[in-house]
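*Asks:* Here you go, one structure.
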Amino acid sequence: MNERNKDALRGVVLDAHAVFTVREFCSVCDVDQPLIQTMVEEGVIEPLPDRGQLTFHGEALLRARRALRLVDDLGLNWPGAALALDLLERLERLESIANR
Amino acid sequence: MKFRDYYEILGVPRTATAEDIKKAYRRLARKYHPDVSKEADAEARFKEMKEAYSVLKDPEKRKAYDRFGADWKTGQEFRPPPDWERQTGFRHANMGGAGDHQGFSDFFETLFGGGRAGPGAFREGFGGSSKGEDVNARIAIPLEDAFHGATRQLSIEVPELDDQGRYRHRKRTLSVKIPKGIVAGQRIRLADQGGPGIGAGGRSGDLYLQVDYEPHPVFETQERDVIVKLPITPAEAALGRTVQAPTLGGTVDLKIPPGSSSGKRLRLKGRGLPGNPPGDQYVDLKIVLPARIDDKARLLYEQLEKAERFNPRASLVT
């Protein structure tokens with residue numbers, strides 16, 4: 161392994177295998193826990209089932225960050241952001257099928 | 280430094296009311312928001328709009344900005360007036376202050392980056408600390424890199440604080456590990472590689488790197504599954520033969536069952552992209568003929584035609 165490879169940064173792939181505790185989730189999104197709770201209650205994100213404590217996978221993290229931006233930038237409320245995300249994700253799935 | 284015409288960016292006249300400005304911003308934001316838009320330059324354009332809106336929606340900032348008058352145009356060489364702070368109360372430098380405009384231009388930073396000064400005036404962000412800007416980037420990798428894992432270099436633009444406490448955008452080159460089995464469209468989070476934290480104890484932002492595949496001449500993908508079209512001869516299709524088929528892991532021997540039609544799909548379990556579980560490779564057979572059939576082959580086909588009792592269109596006959 162050369163010098164460059166040794167110094168290469170290793171990140172975390174934000175997929176279903178990446179698991180975040182609620183504390184980590186808050187820190188990465190830079191928000192407080194009650195806001196995460198609101199996002200869960202409004203159906204923006206879903207926690208992982210049956211883990212004793214509130215945990216989320218990497219895709220939920222991407223969804224939460226996207227929802228936060230939509231709420232901040234477009235003035236949406238949480239149910240509106242959840243709807244926008246559902247529709248965007250459906251659109252993206254259809255586009256990826258259409259592009260095959 | 281280049282002047283920015285914030286009215287032009289939002290597409291409103293200089294006489295626009297606060298309500299007009301808000302409406303114009305919302306309409307443009309729905310069109311160019313990077314989470315919604317398919318426009319190639321959506322992220323950059325949206326940042327510009329956000330910056331313009333942050334100035335024009337704030338009566339104090341708008342009043343200060345309006346001092347420049349209508350003669351200034353976007354892109355004109357600009358130097359901030361020396362008495363700017365005395366005249367408007369806005370500071371040039373931000374002393375590590377406000378946090379929500381790290382993605383904004385040097386033009387903005389110079390005029391408004393330091394917030395307001397003066398007795399009783401609110402200094403944006405002063406004394407507080409907050410997380411630096413998260414940075415989004417994309418990289419296209421060859422499919423082989425996703426199969427084997429790789430280290431890739433990439434250049435990103437990240438805001439940094441200069442000596443005077445102003446944010447400047449600097450190009451930074453990073454070396455990033457692409458993990459084996461990454462799926463097109465997935466994102467890698469690189470902690471602390473975004474913009475600098477604000478104030479004492481402010482953490483750095485993160486870098487979110489979206490990974491896509493470059494188009495591949497041989498393989499297509501669906502998530503972790505790999506698909507290849509494999510050309511075979513009519514004889515191989517009819518008689519069944521073992522042929523060589525490409526996979527990302529190298530060439531493998533593939534048994535074609537006798538009587539295989541074009542379009543038949545064969546599965547090589549676990550030969551797709553690595554993962555838990557790994558993807559499969561699908562081989563779609565495609566019977567091909569040479570452009571010119573020689574006399575010997577023609578004779579044999581004619582014999583076959585006479586001998587064969589097969590009507591592939593039987594089900595179409597009404």
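Chains W and D supply the protein sequences, listed in that same order. Counting the first sequence from 1 gives a position; the numbering used here is that position plus 160. Counting the second sequence from 1 gives a position; the numbering used here is that position plus 279. The C-beta atom is built at its ideal place from N, Cα and C for all residues, glycine as well.
1. Should the segment 305 to 322 of chain D be called in touch with the segment 353 to 366 of chain D, which here means at least 3 C-beta pairs below 8 Å?
2. Looking at the strands, I want to know which residues DSSP matches up with I511 of chain D.
3. Straight-line CA distance for A308 of chain D to K352 of chain D?
4. Could you tell me whether any Cβ in chain D is nearer than 8 Å to the Cβ of A168 of chain W?
5. Would DSSP call E587 of chain D helix, strand or coil?
6. Does any CB atom of chain W fall closer than 8 Å to the CB of T430 of chain D?
7. Just to confirm, does R306 of chain D get its C-beta within under 7 Å of one of the non-hydrogen atoms of the ligand COA?
8. Where does D167 of chain W sit, in a helix, a strand or coil, going by DSSP?
9. Does T367 of chain D pass the burial test, meaning 16 or more other C-beta atoms within 10 Å, or should it be called exposed?
10. Does the beta-carbon of A377 of chain D have 16 or more other beta-carbons within 10 angstroms, so that it is buried, or is it exposed?
11. Distance cutoff 8 Å, beta carbons only. Does Q501 of chain D sit that close to anything in chain W?
12. Would you mind telling me which residues of chain D sit closer than 7 Å to L222 of chain W, beta carbon to beta carbon, in chain order?
13. Rounded to whole angstroms, how far is the Cβ of D491 of chain D from the Cβ of R417 of chain D, which I believe are closer than 8 Å?
14. For V437 of chain D, which of helix, strand or coil comes out of DSSP?
15. Compute the distance between the beta-carbons of V188 of chain W and L221 of chain W, then report whether it is under 8 Å.
16. Please list, in chain order, the residues of the segment 486 to 497 of chain D that have any C-beta partner in chain W closer than 9 Å.
17. Given a threshold of 16 other Cβ atoms within 10 Å of its Cβ, counted over all protein chains shown, does A343 of chain D qualify as buried or as exposed?
18. Since T198 of chain W is in the alpha helix (DSSP H), which residue starts that stretch and which ends it?
19. Please classify K534 of chain D: does DSSP put it in a helix, a strand, or coil?
20. Which same chain residues end up closer than 6 Å to K456 of chain D when comparing Cβ atoms and leaving out the 5 residues on each side of it in sequence?
21. DSSP three-state label for T181 of chain W, please.
22. With DSSP collapsed to three states, give me the class of R402 of chain D.
23. Would I506 of chain D and D424 of chain D be called neighbours here (beta carbons separated by less than 8 Å)?
24. Quick one: Cα of G171 of chain W to Cα of P510 of chain D, how far?
25. Within the same chain, show all residues whose beta-carbon is closer than 6 Å to that of A168 of chain W, passing over the 5 residues directly before and after it, in chain order.
26. According to DSSP, is L545 of chain D part of a helix, a strand, or is it coil?
27. I need the boundaries of the alpha helix (DSSP H) containing P338 of chain D, first residue and last residue.
28. Might you give, ordered along the chain, the residues of its own chain that have their beta carbon closer than 6 Å to the beta carbon of Y285 of chain D, omitting 5 neighbours on each side?
29. For the segment 434 to 443 of chain D against the segment 470 to 489 of chain D, are there 3 or more C-beta pairs whose distance is under 8 Å?
30. With a cut-off of 8 Å, do at least 3 Cβ pairs link the segment 221 to 232 of chain W to the segment 290 to 303 of chain D?
31. Can you tell me whether E587 of chain D is buried or exposed? The criterion is at least 16 other CB atoms within 10 Å of its CB, across all chains shown.
32. Under a three-way DSSP split, which group does A377 of chain D fall into?
33. Taking the continuous beta strand (DSSP E) assigned at D274 of chain D, which residues delimit it?
34. What's the gap between the Cα of F405 of chain D and the Cα of A321 of chain D?
35. Among the residues of its own chain, which have a CB less than 6 Å from the CB of F387 of chain D, if the five just before and after it don't count?
36. If we ignore side chains and look at the alpha-carbon of each, how far apart do P525 of chain D and R546 of chain D end up?
*Replies:* Once the coordinates are examined:
1. no
2. D:I566
3. A308 of chain D and K352 of chain D have their alpha carbons spaced roughly 22 Å apart.
4. Yes, A168 of chain W counts as interfacial toward chain D.
5. coil
6. yes
7. The model on display carries no ligand, and the ligand COA is accordingly not part of it.
8. In the structure shown, D167 of chain W sits in coil (DSSP, three-state: anything other than H, G, I, E or B).
9. buried
10. Annotation note: pLDDT 46 at A377 of chain D (below 50); position unreliable, coordinate value reported separately. Looking at its Cβ environment, which holds 16 or more other Cβ atoms inside 10 Å, A377 of chain D is buried.
11. yes
12. R466
13. 6 Å
14. strand
15. yes
16. L486, Y487, L488 and V490
17. Taking a 10 Å sphere around the C-beta of A343 of chain D, we find 16 or more other C-beta atoms and assign the residue as buried.
18. Unbroken alpha helix (DSSP H) run through T198 of chain W: Q193 to E201.
19. strand
20. T430
21. T181 of chain W falls in the strand class under three-state DSSP.
22. Confidence in R402 of chain D is poor, its pLDDT being 39 and thus under 50, which makes the residue's placement too unreliable to answer from.
23. no
24. 40 Å
25. Nothing listed; no residue qualifies.
26. strand
27. P338 to D345
28. A331, V334 and L335
29. yes
30. no
31. exposed
32. Only weak support exists for where A377 of chain D lies, its pLDDT of 46 falling under 50; the value from the coordinates is given anyway. In this structure, A377 of chain D counts as coil in the three-state DSSP scheme.
33. The first residue shown for chain D is 280 and the last is 597, placing residue 274 of chain D beyond what the model contains.
34. Residue placement at F405 of chain D is flagged as unreliable, the pLDDT there being 47, under the threshold of 50; the coordinate-derived value follows with that caveat. Looking at the two C-alpha atoms, the distance is approximately 31 Å.
35. E330
36. 13 Å
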